[in-house]
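S.K.: Protein chains in written order, with my numbering: chain A, 1 to 166; chain B, 167 to 637.
Heads up, the beta-carbon is just placed ideally off N, CA and C, and yes, glycines get one too.
No experiment lies behind these values; they were computed from the predicted model shown.
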Amino acid sequence: MRSLLSLLSIMLVMTGCAQQAVPKPMVQSTQTDKLSVADFKALWQATNTENNTAFQISRLPHSFSDSLHLEAAIGLDQKIERLSIIGTPQSKKDRFMMISCWAQLIMTMTRSAESTPVTSIFRAMGIDPNADVTALTGATVILNGDTYRSWHENGTYTFQFEEDGA
Amino acid sequence: MRILFLISLLLLYPIQLCFAAEPRTNMSYLYFGSPTSYIGQMDKTQNTLTMVSPNYLDIVENGAVVVTWKLDTSFISEMHRRGIRVVPFLSNHWNAANGIAALDAASVGTVTTQIVNVINQYNLDGVNVDIEGVGATYRDAFTTFVRLLRAKMPPTKEVSVAVAANPNGWTTGWHGFYNYPALAEVADYLMIMSYDESWQGSDPGPVSSIGFFERSLKYALNQGVGLADVVMGVPFYGRLWKVDGPTLEGMTVKGIGVSNVRVEPILSTYGAATTYDESKQSPYATFTIPAGQSEYISGVKCTEGNYVLWFDNEQSIKKKLRLVNDYGVRGAGSWSLYQETAATWNYYARWLNGAFYRDVASGFWAEDVIMEMADKGWMTGISSTSFVPHGALTRAQSATIFVRALALATATSPSPFVDTQSHWAKDAIATAYQAGLLQGVDATHFKPDEPMTRAQMAAIMSRMASRLSPP
Numbered sequence: 001m002r003s004l005l006s007l008l009s010i011m012l013v014m015t016g017c018a019q020q021a022v023p024k025p026m027v028q029s030t031q032t033d034k035l036s037v038a039d040f041k042a043l044w045q046a047t048n049t050e051n052n053t054a055f056q057i058s059r060l061p062h063s064f065s066d067s068l069h070l071e072a073a074i075g076l077d078q079k080i081e082r083l084s085i086i087g088t089p090q091s092k093k094d095r096f097m098m099i100s101c102w103a104q105l106i107m108t109m110t111r112s113a114e115s116t117p118v119t120s121i122f123r124a125m126g127i128d129p130n131a132d133v134t135a136l137t138g139a140t141v142i143l144n145g146d147t148y149r150s151w152h153e154n155g156t157y158t159f160q161f162e163e164d165g166a
Numbered sequence: 167m168r169i170l171f172l173i174s175l176l177l178l179y180p181i182q183l184c185f186a187a188e189p190r191t192n193m194s195y196l197y198f199g200s201p202t203s204y205i206g207q208m209d210k211t212q213n214t215l216t217m218v219s220p221n222y223l224d225i226v227e228n229g230a231v232v233v234t235w236k237l238d239t240s241f242i243s244e245m246h247r248r249g250i251r252v253v254p255f256l257s258n259h260w261n262a263a264n265g266i267a268a269l270d271a272a273s274v275g276t277v278t279t280q281i282v283n284v285i286n287q288y289n290l291d292g293v294n295v296d297i298e299g300v301g302a303t304y305r306d307a308f309t310t311f312v313r314l315l316r317a318k319m320p321p322t323k324e325v326s327v328a329v330a331a332n333p334n335g336w337t338t339g340w341h342g343f344y345n346y347p348a349l350a351e352v353a354d355y356l357m358i359m360s361y362d363e364s365w366q367g368s369d370p371g372p373v374s375s376i377g378f379f380e381r382s383l384k385y386a387l388n389q390g391v392g393l394a395d396v397v398m399g400v401p402f403y404g405r406l407w408k409v410d411g412p413t414l415e416g417m418t419v420k421g422i423g424v425s426n427v428r429v430e431p432i433l434s435t436y437g438a439a440t441t442y443d444e445s446k447q448s449p450y451a452t453f454t455i456p457a458g459q460s461e462y463i464s465g466v467k468c469t470e471g472n473y474v475l476w477f478d479n480e481q482s483i484k485k486k487l488r489l490v491n492d493y494g495v496r497g498a499g500s501w502s503l504y505q506e507t508a509a510t511w512n513y514y515a516r517w518l519n520g521a522f523y524r525d526v527a528s529g530f531w532a533e534d535v536i537m538e539m540a541d542k543g544w545m546t547g548i549s550s551t552s553f554v555p556h557g558a559l560t561r562a563q564s565a566t567i568f569v570r571a572l573a574l575a576t577a578t579s580p581s582p583f584v585d586t587q588s589h590w591a592k593d594a595i596a597t598a599y600q601a602g603l604l605q606g607v608d609a610t611h612f613k614p615d616e617p618m619t620r621a622q623m624a625a626i627m628s629r630m631a632s633r634l635s636p637p
């Protein structure tokens, strides 16, 4: 509707098997500045406010519920290296909650208040309407040099963000 | 003149309220937020929307149409249970190449069939076509696209089109892409995106001044579009500019979007000075983020420096809704849910439908002056929906009205009154006192919640007349 963010180039690397280790990205793009932990928390909370979501965090790592957790790998410079959302959804509601949290991570790390990059990444990963993740296979998406991965194993779903160069 | 208005408003009588027989279209887009909270957000609208338009359909590479991850059939069912139509918007998200590919003669048949199939499959109520950023070269192809879509869509389902506001009659660029009369003929209605008068990258200015809004409406009517085919866009967001150079991280802040829901907290945090531009009927605020502080807004880290924020508030939104009602067009469409303040829904549908204050009926002898005062922001009612026309004014309310009407600069020091220190109107009372308009009942008491007597009013009017009269 209103002028959206300038479109970001998305480089996709799809792998075919879900039950395996994290696929290795094949494409690298432009460098982006890493976020400090403090900046990440401030940006995450702002995204939370702007989208009225229920994913407030006070610290890293953080558990949103028994079945949804945010984990972080932080460098010696106190910058974010990698973030992982780990979910074990039991219902459609749980799945929507989980992928909504994934969406918030994408919006936070792309520093976009809008969800266009989310839709593109989710489409590439095979996330369908009604929180249908049965088509979700091991997938890696590289966006502006940052890497987003998703995979699942024995009912546990992992969505991971990795800073360029981490 | 101002004095006459004020006096007349002291003499109002109770009346009964009349409601519009047929509510206007009241639609809103659903783009932000998360499917997990869509229903909760809809609850905030107090069931006043007639239609909601979620981001369920995207045009992607090669013009293909995909259903987004946001679609949730349980949300669609719940909206239907509430009597709210669900008409997703079809968006190319400003990707011209994708939009053009969808319009290509070789693919338009397949694309339109695919859209209709999705609408039927998910029991949706139609589609709002929102292809943007495509040039005027494709004007006829777009009209053909919409015509074909309408022909294939079941008659009970709608096909509406979001069109660029065109207050200046532009015929080139993406404005020229929209053939208003031809589109109105084949579609159910046009949703005029009467916002982004100032945009990301432009100089500071309103998102939708009243002049821009009205010229956009008039353009449609002058093109021969019928009243029933026009829905006017209302912005639920503002735009922010950093006016003293880039941020400390080197980012240029030039018109980034700011949801209305974030405006007041930001203004409060930084002690912003807000001004209502009467000619534009839009508020704006200036503020400074001090050294060492920062604020993430729309993903941008706004660091120390000077900012100006143009936005829409209750007064400016009401002004637009009144215009929709005055012209008698089909309705209003807002961009977008999640961005509005919760209080918006206390008045929005009533204003849209010409039932302004609950206690001021259409045709009431003072209706016009009450609305004029509300438009000017001098008298805003005791709430968004109640004016209490026969109620007496308190001394605090009177002080507030006089300060607004005379546009007095806020007092730089507090008043000497001990009974106003924590009163909601303490600033207005101090301002009126400092200006010499109002005095206390004694040296240290104002009695803010007592009624204004006729003698006190006479004294104030005398002082005001002296103030307004040339020496």
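Using the Cα positions of Leu68 (chain A) and Ile463 (chain B), report the straight-line distance between them to the nearest angstrom.
M.R.: Counting from 1 along the first sequence, the entry for residue 68 (chain A) is found at position 68. Counting from 1 along the second sequence, the entry for residue 463 (chain B) is found at position 297. Looking at the two C-alpha atoms, the distance is approximately 27 Å.
S.K.: Going along chain A, which residues have a C-beta under 9 Å from Leu237 (chain B)?
M.R.: Residue numbering aside, residue 237 (chain B) sits at position 71 when the second sequence is read from its first letter. Neighbours of Leu237 (chain B) on chain A, chain order: Asp128, Pro129 and Asn130.
S.K.: If we count the other Cβ atoms within 10 Å of its Cβ and call it buried at 16 or more, is Leu215 (chain B) buried or exposed?
M.R.: The residue labelled residue 215 (chain B) in the question sits at position 49 within the second sequence. Its Cβ being crowded by 16 or more others within 10 Å, Leu215 (chain B) is buried.
S.K.: In whole angstroms, what separates the C-alpha of Asp443 (chain B) from that of Arg381 (chain B)?
M.R.: Here residue 443 (chain B) is taken as the residue at index 277 of the second sequence, counted from 1. Here residue 381 (chain B) is taken as the residue at index 215 of the second sequence, counted from 1. Cα to Cα, the separation comes out at about 18 Å.
S.K.: Please confirm whether Tyr355 (chain B) has its beta-carbon closer than 8 Å to some beta-carbon of chain A.
M.R.: Counting from one through the second sequence, the residue named residue 355 (chain B) turns up at place 189. With its beta carbon at least 8 Å from every one in chain A, Tyr355 (chain B) lies outside the interface.
S.K.: What does the alpha-carbon distance come out to for the pair Asn48 (chain A) and Pro201 (chain B)?
M.R.: To locate residue 48 (chain A), count along the first sequence from 1; it is residue 48. To locate residue 201 (chain B), count along the second sequence from 1; it is residue 35. Using only the alpha carbons, I get a separation of about 14 Å.
S.K.: Going by DSSP, name the residue or residues bridged to Leu256 (chain B).
M.R.: Indexing the second sequence from 1 puts residue 256 (chain B) at position 90. Answer is B:Leu223 and B:Val295.
S.K.: Assuming the contact rule is C-beta atoms closer than 8 Å, Ser326 (chain B) and Asn286 (chain B) should be a hit. Round their C-beta distance to whole Å, please.
M.R.: Sequence index remark: in the second sequence, residue 326 (chain B) carries index 160 (1-based). Sequence index remark: in the second sequence, residue 286 (chain B) carries index 120 (1-based). With a Cβ gap of about 17 Å, Ser326 (chain B) and Asn286 (chain B) do not count as contacting.
S.K.: Determine the contact status of Ser194 (chain B) and Asn221 (chain B), defining contact as a CB-CB distance below 8 Å.
M.R.: Looking up residue 194 (chain B) in the second sequence gives position 28. Looking up residue 221 (chain B) in the second sequence gives position 55. Against a cut-off of 8 Å, the Cβ pair of Asn221 (chain B) and Ser194 (chain B) comes out as no contact.
S.K.: When burial is assigned at 16 or more other CB atoms within 10 Å of the CB, is Ala498 (chain B) buried or exposed?
M.R.: Residue mapping note: residue 498 (chain B) aligns to position 332 of the second sequence, counting from 1. Label assigned to Ala498 (chain B): buried.
S.K.: DSSP state of Pro201 (chain B), grouped into three classes?
M.R.: To locate residue 201 (chain B), count along the second sequence from 1; it is residue 35. Three-state result, Pro201 (chain B): helix.
S.K.: Quick check on Leu298 (chain B): buried or exposed, where buried means 16 or more other Cβ atoms within 10 Å of its Cβ?
M.R.: Taking the second sequence and counting its residues from 1, the one referred to as residue 298 (chain B) is at position 132. Per the sequence shown, residue 298 (chain B) should be read as Glu rather than Leu. Classification for Glu298 (chain B): buried.
S.K.: Report the three-state DSSP secondary structure of Val22 (chain A) (helix, strand or coil).
M.R.: Numbered from 1 along the first sequence, position 22 holds the residue referred to as residue 22 (chain A). Note that Val22 (chain A) scores 34 on pLDDT, short of 50, meaning its location in the model is unreliable; the coordinates nonetheless yield the value given after this. The answer is coil: DSSP assigns Val22 (chain A) none of H, G, I, E or B.
S.K.: Relative to the C-alpha of Glu244 (chain A), which residue among A:Lys41, A:Gly155, A:Asn154 and A:Ile142 is closest?
M.R.: What is shown of chain A runs 1 to 166, which leaves residue 244 (chain A) out entirely.
S.K.: Kindly confirm or deny that the stretch 457-471 of chain B and the stretch 358-370 of chain B touch, where touching means at least three C-beta pairs closer than 8 Å.
M.R.: no
S.K.: Give a yes or no on whether the C-beta atoms belonging to Val409 (chain B) and Phe477 (chain B) are separated by under 8 Å.
M.R.: By 1-based counting over the second sequence, the position of residue 409 (chain B) is 243. By 1-based counting over the second sequence, the position of residue 477 (chain B) is 311. No, Cβ-Cβ distance for Val409 (chain B) and Phe477 (chain B) is not below 8 Å.
S.K.: Would you list, in chain order, the members of the stretch 252-280 of chain B that have their beta-carbon closer than 8 Å to a beta-carbon of chain A?
M.R.: Contact residues of the stretch 252-280 of chain B toward chain A are Phe255, Ser257, His259, Trp260 and Asn261 (C-beta to C-beta distance below 8 Å).
S.K.: Quick one: any contact between the stretch 344-361 of chain B and the stretch 308-317 of chain B, if contact means 3 or more CB pairs under 8 Å?
M.R.: yes
S.K.: Quick check on this structure: which residue in B:Lys236, B:Asp209 and B:Val526 has the alpha carbon closest to the alpha carbon of Ile250 (chain B)?
M.R.: Position 84 of the second sequence, counted from the start, is the residue given in the question as residue 250 (chain B). Per the Cα distances, B:Asp209.
S.K.: Nearest-angstrom Cα distance between Gly390 (chain B) and Ala348 (chain B)?
M.R.: The residue you call residue 390 (chain B) lines up with position 224 of the second sequence. The residue you call residue 348 (chain B) lines up with position 182 of the second sequence. Taking the straight line joining both Cα atoms gives about 10 Å.
S.K.: Using a Cβ distance threshold of 8 Å, determine whether the stretch 123-143 of chain A contacts the stretch 32-52 of chain A, with at least three qualifying pairs required.
M.R.: no
S.K.: Got a sec: is the Cβ-Cβ distance from Gln212 (chain B) to anything in chain A below 8 Å?
M.R.: The sequence position of residue 212 (chain B) within the second sequence is 46, counting from 1. Output row for Gln212 (chain B): interface = no.
S.K.: Report yes if the C-beta distance between Leu406 (chain B) and Tyr473 (chain B) is below 8 Å; otherwise report no.
M.R.: Indexing the second sequence from 1 puts residue 406 (chain B) at position 240. Indexing the second sequence from 1 puts residue 473 (chain B) at position 307. Taking 8 Å as the Cβ cut-off, Leu406 (chain B) and Tyr473 (chain B) qualify as a contacting pair.
S.K.: Give me the chain A residues within the contact set of Ile463 (chain B), using Cβ-Cβ distance strictly less than 9 Å, ordered along the chain.
M.R.: As a working mapping, residue 463 (chain B) is identified with position 297 in the second sequence. Going along chain A in sequence order, the residues near Ile463 (chain B) (Cβ under 9 Å) are Ala46, Glu50 and Ala113.
S.K.: Helix, strand or coil for His152 (chain A) per DSSP?
M.R.: Locating residue 152 (chain A) in the first sequence gives position 152, where the first residue counts as 1. Three-state result, His152 (chain A): strand.
S.K.: Measuring only between beta-carbons, confirm whether Lys467 (chain B) sits less than 8 Å from chain A.
M.R.: Here residue 467 (chain B) refers to the residue found at position 301 of the second sequence. Chain A, which has a Cβ nearer than 8 Å to the Cβ of Lys467 (chain B), makes this yes.
S.K.: Measure how close the beta-carbons of Asn345 (chain B) and Tyr385 (chain B) come, nearest whole angstrom, since I'm counting them as under 8 Å.
M.R.: In the second sequence, the residue the question calls residue 345 (chain B) occupies position 179. In the second sequence, the residue the question calls residue 385 (chain B) occupies position 219. About 13 Å separates the two Cβ atoms, so there is no contact after all.
S.K.: Ordered along the chain, which non-local residues of its own chain (more than five positions away) have a Cβ less than 7 Å from that of Lys92 (chain A)?
M.R.: For the purposes of this step, residue 92 (chain A) is taken as residue 92 along the first sequence, with counting starting at 1. Cβ within range, chain order: Asn130 and Ala131.
S.K.: Are the beta-carbon atoms belonging to Val226 (chain B) and Ile266 (chain B) less than 8 Å from one another?
M.R.: Mapped onto the second sequence, residue 226 (chain B) falls at position 60. Mapped onto the second sequence, residue 266 (chain B) falls at position 100. No, they are not a contact pair.
S.K.: Relative to the C-alpha of Leu237 (chain B), which residue among B:Arg248, B:Phe255 and B:Ala609 is closest?
M.R.: Mapped onto the second sequence, residue 237 (chain B) falls at position 71. Leu237 (chain B) has its Cα closest to that of B:Phe255, out of B:Arg248, B:Phe255 and B:Ala609.
S.K.: I'd like the span of the alpha helix (DSSP H) that includes Ser464 (chain B), first residue to last.
M.R.: For this step, residue 464 (chain B) is matched to residue 298 along the second sequence. Looking at the DSSP string, Ser464 (chain B) is not in any alpha helix (DSSP H), and its letter there is neither H nor E.
S.K.: Here's the rule: buried if 16 or more other CB atoms are within 10 angstroms of the residue's CB, otherwise exposed. What is Val607 (chain B)?
M.R.: Here the question's residue 607 (chain B) lines up with position 441 in the second sequence. Exposed.
S.K.: Excluding five sequence neighbours on each side, which residues of the same chain lie with their C-beta closer than 8 Å to the C-beta of Leu489 (chain B)?
M.R.: Start at 1 with the first residue of the second sequence, and residue 489 (chain B) comes out as number 323. Once the five neighbours on either side are set aside, the close Cβ partners of Leu489 (chain B) are Ile376, Phe379, Glu380, Leu383 and Met398.
S.K.: Three-state secondary structure (DSSP) at Thr619 (chain B)?
M.R.: Taking the first residue of the second sequence as position 1, residue 619 (chain B) is located at position 453. Thr619 (chain B): coil per DSSP, three-state reduction.
S.K.: Please list, in chain order, all residues of the same chain as Glu244 (chain B) whose beta carbon is under 7 Å from its beta carbon, the five residues on each side excluded.
M.R.: Locating residue 244 (chain B) in the second sequence gives position 78, where the first residue counts as 1. Excluding sequence neighbours, Glu244 (chain B) sits near Ile205.
S.K.: Could you pull the start and end residues of the alpha helix (DSSP H) that Lys486 (chain B) belongs to?
M.R.: As a first step, residue 486 (chain B) is located in the second sequence; it is residue number 320 there, counting from the start. Glu480 to Tyr493 is the extent of the alpha helix (DSSP H) around Lys486 (chain B).
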